[in-house]
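Okay, so the sequence shown: first residue is 1 according to the UniProt record's numbering, each after it adds one. Using N, Cα and C, we set each Cβ at its ideal position, and we do this for glycine too. Down below is the structure, laid out as structure tokens.
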Amino acid sequence: MVVVGSRHVVTSSALPSKTKPLQHTQERQQQNGDARVAKDGFSVDMRELRTSSAVQERSLVTELKQMKEYVRVNKSSTTLKSPPTAYAFVYGTLKKGFSNYWLMEEVCATGHARFLGSARTKQKFPMVCGPYQVPFLIDIPSEGHHVRGELYEVDRVAIDRLDELEGVSKGNYVRRSVVLSDLQLQPSVEHEFTSPDLLAQAYFAAPSYASKIAEAPHIEAFTEKEMATYVRRKDRPQNRTFLQHIDHWIKTKESARSN
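In structure tokens, the structure reads:
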């Protein structure tokens with residue numbers, strides 16, 4: 001046996017005749033579940049290594065999940081890709097959790113909008129549910145309620161997408177300015193606003209039919225109650241346009257009142 005520093009180098013001639021080589025001993029130890037393996041004169045605890053690796057892996061997975069959640073929550077607070085064009089006030093199916101919210105998610109995710117918080121209209125307006133429980137804000141100030149909704153900062157791309165969804169070019173809705181108050185802003189954007197009021201864009205019922213649906217019951221907010229009986233566009237009869245559905249609904253209501 002030759003001693004080098006603190007290490008012992010064992011020659012094969014010094015091994016007892018009944019002792020197996022070290023490599024075979026290591027294999028037998030691993031097969032028998034022995035956690036300690038000698039290598040180059042050092043003893044390594046394999047269970048400790050495996051446990052340490054597993055802990056590090058779980059820690060990394062947890063950190064990644066936390067990062068994803070942070071991005072999901074805060075992505076709407078990032079700056080827009082292009083200069084903001086306006087503030088958009090959404091009061092119906094574009095709100096979080098409702099059927100058309102997918103569009104707001106999309107424009108936020110692509111940097112064309114960011115969620116700011118909630119607000120109310122400073123003036124009272126009638127808001128009604130028309131055919132298939134579609135919500136309509138009617139431009140008749142001082143009637144109805146201070147309508148509740150959500151507020152977004154949007155650029156030109158987002159405005160164009162919203163105009164398309166609301167059928168502005170078809171005469172389904174009109175986009176007009178509305179003054180908002182009672183702003184409940186995200187903490188990350190509160191410092192950007194000093195006035196209690198804000199001018200935003202909202203989609204109102206088109207003048208061609210607005211006055212005819214204004215007699216329907218007025219609501220302060222479009223909620224899960226109204227959404228429960230809302231019919232998505234794809235599930236409505238496809239042989240009529242949006243305006244034809246409204247006209248049919250108006251005539252049905254008028255006929256019911258006259259009988």
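Taking DSSP's pairing of strands, which residues face residue i in a bridge?
i	result
V154	A86 and A113
Y230	Answer by DSSP bridge pairing: none, since Y230 is not bridged.
C129	P135
F204	L137 and V174
L185	G117
H145	F125
L180	T121 and L198
Can you give the beta carbon distance from residue i to residue j, rounded, assuming they're within the 8 Å contact cut?
i	j	result
V154	P84	7 Å
Y91	L151	The pair is not a contact, with the Cβ atoms about 10 Å apart (cut-off 8 Å).
P126	H191	Incorrect: roughly 35 Å between the Cβ atoms, too far for contact.
R175	Q133	R175 to Q133, Cβ: 22 Å. No contact.
If I measure Cβ to Cβ from residue i and keep anything under 6 Å in the same chain, skipping five residues before and after, which residues do I get?
i	result
I250	K212
D81	In the sequence as presented, Asp is not what sits at residue 81; that position holds Lys. G111, listed in sequence order.
A216	V128
S255	none
I159	T85
M104	L94
Q123	P141
A113	V107, Y152, V154 and A158
T194	none
K225	none
If I measure Cβ to Cβ from residue i and keep anything under 7 Å in the same chain, skipping five residues before and after, which residues do I get?
i	result
Y173	E166, G167, Y203, F204, A205 and A206
L116	L151, Y152, E153, L185, Q186 and V189
Y101	L94 and K95
G97	none
G171	A206, S208 and L243
Short of 8 Å in beta carbon distance, which residues of its chain neighbour residue i, apart from the five on each side in sequence? Order them along the chain.
i	result
R120	H146, V147, R148, G149, L180, S181 and D182
H248	P131 and R240
residue 275	Nothing can be reported for residue 275, as the shown portion of the chain is limited to 1 through 259.
Y209	L243, I246, D247 and I250
residue 260	In this structure the chain extends from 1 to 259, so residue 260 is not present and cannot be described.
L199	Y87, S177, V178, V179 and L180
S169	D163
T252	none
Evaluate residue i with the Cβ neighbour count: other Cβ atoms within 10 Å of its Cβ, from every protein chain shown; 16 or more gives buried, anything less gives exposed.
i	result
F222	buried
S258	exposed
G144	buried
P237	exposed
P196	exposed
S118	buried
A109	exposed
R156	exposed
L162	buried
Q89	In the sequence under discussion, the amino acid at residue 89 is Phe, which differs from the Gln named in the question. So F89 counts as buried.
So, do the segment 181-192 and the segment 240-248 have three or more beta carbon pairs nearer to each other than 8 Å?
no
How do the segment 201-218 and the segment 128-142 stand: do at least 3 beta-carbon pairs fall below 8 Å, yes or no?
yes
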